[in-house]
Amino acid sequence: MPTRTFTVAELAALGVPPSDPADIKYDPDLLADEHVATLKYTATRRIVFRADDNRTYAVEYEAPIDMGDFEVGAGTPDNHGWHGDTVTATEVEERPVIVARWHPVTDEPGTDQPRTGALESLAEIWFTEAGAREDVARESAAAWIIQHADEVAALYDAYLASAEGDL
């Protein structure tokens, strides 16, 4: 994991950390400011920035929490929670990540709900993916099921036989 050591002054010259996480939209070299954890009086945040070598790095820092009228700490932590005059940053790159999430089950038919019937599933596919009107999609799905019923039944029988090892 490549790292680079920055002085606190170098980070300040780059605008790291920003005075407010929303300020990153005004600086093309500040790429992301992410929440990591909430402590009693501060929040740990992670800032991703582009350095003078045109590489992207990330460092964690502490920021004050605005609690309104509730109990608050002493304000911004000394030196953003960094100890010493240098901070080690990790080189990072942006990658797409697939995240699984839990969603409530609905009674509406859809392409992602295999519990619905064949007609509803096919009609939803033709409606959402092919752009067909709802009534046309339903008629097309019914016609497809009738036309291919024997073939689908034979494929299903072959699948069951192969699963049992009868082939």
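With this note's numbering as the guide, the letters of the sequence shown map in order to residues 1 to 167. Using N, Cα and C, we set each Cβ at its ideal position, and we do this for glycine too.
1) DSSP three-state label for residue 92, please.
2) Quick one: give me the first and last residue of the beta strand (DSSP E) that residue 141 is part of.
3) In three-state DSSP terms, what is residue 57?
4) Can you tell which of 162, 1, 147 and 8 has the C-alpha that lies nearest to the C-alpha of residue 83?
5) From this set, 48, 104, 65 and 20, which residue's C-alpha is nearest residue 37's C-alpha?
6) Can you tell me whether residue 64 is helix, strand or coil according to DSSP?
Reading it off the structure:
1) Residue 92: coil per DSSP, three-state reduction.
2) Careful: residue 141 lies outside any beta strand (DSSP E), inside the alpha helix (DSSP H) at 134-164.
3) strand
4) Shortest Cα-Cα distance from residue 83 to any of 162, 1, 147 and 8 involves 8.
5) Across the set 48, 104, 65 and 20, the C-alpha of 65 shows the shortest separation from the C-alpha of residue 37.
6) strand
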